[in-house]
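**Q** Quick note: the sequence shown uses the working numbering, first residue 649, plus one each step. Take a look at the following structure, please.
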Amino acid sequence: MSAPGLSHHLPRLIRRGSIACAKSIHWAVAMITDVRKLELMREAIEEAKKSKSEDDRPRPFVGAVMCDDEGNTILKAHRGEIDDGGHAEYTLFKKAADAGISSAGKTLFVTLEPCTRRNPGKTPCAVRIAMNGVKRVYIGTIDPNPSIIGRSELFLVNKGIEVERFPYSLLRELMDLNQRFFDEYTPYSLPVVEGLDQDGPASAIEGNRETLLQTSLDLIAYSKGPVSIFSGGSSWTRELQVGLLFAALQKRKVRILCEVSENENKEELKLRFSAALGAGASLVITSNKLGIRGTYVGENPSAASMLSIERAPTLHGMKLSGPYEQGLRSAMKSYFDSEWDQGEVHVGSEPESRGARGR
């Protein structure tokens, strides 16, 4: 005859007052099986595919599923389901509140790392998760946005919330689903090593310089207002010509602040910038050590964007465009203007469009 199971002993334990032990046994019995976890992850991915974008910018497909300790699905939500740009987690908690469902002690499956930064007046999803008493979160992919990447996971763990990941196969599926979104941010988050031989790590990561250059061109092309360039030399000026010419033809002010070393001749350096000057740019050559490289577009820091490029110890870029980076952009603009006002300005000729030349 087989030995009695847990269900046989559980009533006796409760009668004896072993409530804590009974709860522990119930937790063990109620654990979500590995098979069910994969099913819930798949549910979140399918929900993510329903996401709606609020504009033409690369927006992620995000799905969220809430379940109980037995793995029973309680609610599902996706990005843009009830509000333009409404995050999946926000939507999930709103649906739960409307239905009178408590999120305390529940488990969430989310396809993208919950955000840790939002526009003014909005609560980050990671904070909502902690405020609602969620017990455990399964994350499909880390958010590649350098303002968020990994921060949510650290925040949730520090709040005592269990954090797990989707398996690699599902992670790759989600990255394919969100390829445009990952392409937008990944260049700012990848580790880049340069100056090593072909057997070193540098050979495994290619194209970062080209990606940062393309991002600089995109920043100019898809923006309005003045263009200010922190140039560490003339190495990128030739490749930026098409962007500078595009801005000049739009009658946008283009300023290049160039740092010159002790061994460089200012007149020779000015000749190397002759193409930029011919495109309508203005140039200031300074012997001050700027300590920064990058492209700043826009007039008002609240609506401006900047690509900041670090050359040491590695070539790396960071795009500053969010409302929470306004202070940094304002400081960069003030720094640029201060250095510009101290130097001698070399003014370029204004290019003519074909229509202006006549026939």
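Heads up, the beta-carbon is just placed ideally off N, CA and C, and yes, glycines get one too.
Confirm, please, whether the CB-CB distance from Glu737 to Pro768 is below 8 Å.
**A** No, Cβ-Cβ distance for Pro768 and Glu737 is not below 8 Å.
**Q** Any chance the region 928-948 sits against the region 902-912, with 3 or more Cβ pairs inside 8 Å?
**A** Because the criterion of three Cβ pairs below 8 Å is met, the region 928-948 and the region 902-912 touch.
**Q** Judging by CA-CA distance, which residue of Lys697, Ala725, Asp704, Asp682 is the nearest neighbour of Glu718?
**A** Glu718 has its Cα closest to that of Asp682, out of Lys697, Ala725, Asp704, Asp682.
**Q** Which residues in the same chain have their Cβ closer than 6 Å to the Cβ of Glu691, if we skip the five residues on either side of it in sequence?
**A** Val713.
**Q** Using the beta-carbon count (16 or more within 10 Å), is Glu702 buried or exposed?
**A** The residue in question, Glu702, is exposed, as its Cβ has fewer than 16 Cβ neighbours within 10 Å.
**Q** So what does DSSP say about Leu931, is it helix, strand or coil?
**A** Reduced to three states, the DSSP call for Leu931 is strand.
**Q** Under the three-state reduction of DSSP, which class applies to Ala850: helix, strand or coil?
**A** Model confidence at Ala850 stands at a pLDDT of 44, short of 50, so the residue's coordinates are unreliable and nothing is read from them.
**Q** Take Thr863 as the anchor and find which of Ser922, Val710, Glu832 has the nearest alpha-carbon.
**A** Ranking Ser922, Val710, Glu832 by Cα distance to Thr863 puts Glu832 first.
**Q** Quick one: complete beta strand (DSSP E) runs, 3+ long, within the region 706-742?
**A** Qualifying beta strand (DSSP E) stretches, in chain order: 711-715, 721-726.
**Q** In angstroms with no decimal places, state the Cα-to-Cα distance between Met689 and Thr721.
**A** Rounded to whole angstroms, Met689 to Thr721 spans 11 Å at the Cα level.
**Q** When the Cα atoms are used, what is the spatial distance from Ile877 to Thr834?
**A** Roughly 23 Å between the two C-alpha positions.
**Q** Let me know if Gly843 comes out buried or exposed under the rule of 16 or more other beta-carbons within 10 Å of its beta-carbon.
**A** Its pLDDT being 47, under 50, Gly843 is placed unreliably in this model, and the value from its coordinates should be taken loosely. Burial call: exposed.
**Q** Report the three-state DSSP secondary structure of Val908 (helix, strand or coil).
**A** DSSP places Val908 in coil when its eight states are reduced to three.
**Q** Checking 8 Å against the spacing of the C-beta atoms, do Gly996 and Ser930 come in under that value?
**A** Yes, they are a contact pair.
**Q** In terms of residues, what are the limits of the beta strand (DSSP E) holding Gly808?
**A** Taken as a continuous stretch (DSSP letters only), Gly808 belongs to no beta strand (DSSP E), as it is neither H nor E.
**Q** Between Ala852 and the rest of its own chain, which residues show a CB-CB distance below 8 Å, the 5 nearest in sequence each way excluded?
**A** Note that Ala852 has pLDDT 43, beneath the 50 cutoff, so the model's placement of it is unreliable and the number below is only indicative. If we look at Ala852 and ignore the five residues flanking it on each side, it has no Cβ neighbours.
**Q** Straight-line CA distance for Glu992 to Glu858?
**A** The alpha-carbon atoms of Glu992 and Glu858 are separated by roughly 31 Å.
**Q** If you check the beta carbons only, do Arg900 and Val932 fall under 8 Å apart?
**A** Cβ atoms of Arg900 and Val932: not closer than 8 Å.
**Q** Need the endpoints of the beta strand (DSSP E) that Phe622 sits in, please.
**A** Residue 622 is absent from the structure shown; the chain starts at 649 and stops at 1007.
**Q** Over what stretch of residues does the beta strand (DSSP E) that includes Leu955 continue unbroken?
**A** 953-958 is the extent of the beta strand (DSSP E) around Leu955.
**Q** How big is the Cα-Cα spacing for Glu821 and Pro815?
**A** Approximately 10 Å between the Cα atoms of the pair.
**Q** Within 10 angstroms of its Cβ, does Ala745 collect 16 or more other Cβ (buried), or is it exposed?
**A** By the neighbour-count rule (16 or more Cβ atoms within 10 Å), Ala745 is not buried but exposed.
**Q** Who are the Cβ neighbours of Lys798 in its own chain at under 7 Å, not counting the five residues just before and after it?
**A** The question names Lys, yet the displayed sequence has Gly at residue 798. These residues qualify, in order along the chain: Ile790.
**Q** Considering just the uninterrupted stretch of the beta strand (DSSP E) at Ser879, what are its terminal residues?
**A** Its beta strand (DSSP E) spans residues 875-879.
**Q** Note down the Cα distance separating Ile957 from Leu968, rounded to an integer number of angstroms.
**A** Using only the alpha carbons, I get a separation of about 11 Å.
**Q** Does the Cβ of Val677 have 16 or more other Cβ atoms within 10 Å, making it buried, or fewer, making it exposed?
**A** Here Val677 scores only 47 on pLDDT, less than 50, and its place in the model should not be relied on; the value that follows carries that caveat. The residue in question, Val677, is exposed, as its Cβ has fewer than 16 Cβ neighbours within 10 Å.
**Q** What's the gap between the Cα of Leu976 and the Cα of Ser817?
**A** Their backbone Cα atoms lie some 39 Å apart in a straight line.
**Q** Considering Tyr944, what are the terminal residues of the beta strand (DSSP E) in which it resides?
**A** That run of the beta strand (DSSP E) goes 941-945.
**Q** Assuming Ile777 is part of the alpha helix (DSSP H), what are its boundary residues?
**A** Run containing Ile777: 773-779, per the alpha helix (DSSP H) assignment.
**Q** Which residue from Gly891, Gly748, Tyr944, Thr764 puts its Cα closest to that of Ala923?
**A** Checked all of Gly891, Gly748, Tyr944, Thr764; the closest Cα to Ala923 is Gly891.
**Q** Out of curiosity, what's the CA-to-CA distance linking Pro794 and Gln974?
**A** Using only the alpha carbons, I get a separation of about 16 Å.
**Q** Does the beta-carbon of Asn780 have 16 or more other beta-carbons within 10 angstroms, so that it is buried, or is it exposed?
**A** Buried, because 16 or more other Cβ atoms sit within 10 Å of the Cβ of Asn780.
**Q** Just curious, the alpha helix (DSSP H) that Tyr816 is in, first and last residue?
**A** Element bounds for Tyr816: 816-825.
**Q** With DSSP as the reference, please indicate the residues paired to Leu968 in a beta bridge.
**A** Beta-bridge pairing links Leu968 to Met954.
**Q** Which same chain residues end up closer than 7 Å to Leu740 when comparing Cβ atoms and leaving out the 5 residues on each side of it in sequence?
**A** Around Leu740: Ala712, Met714, Leu723, Ala725.
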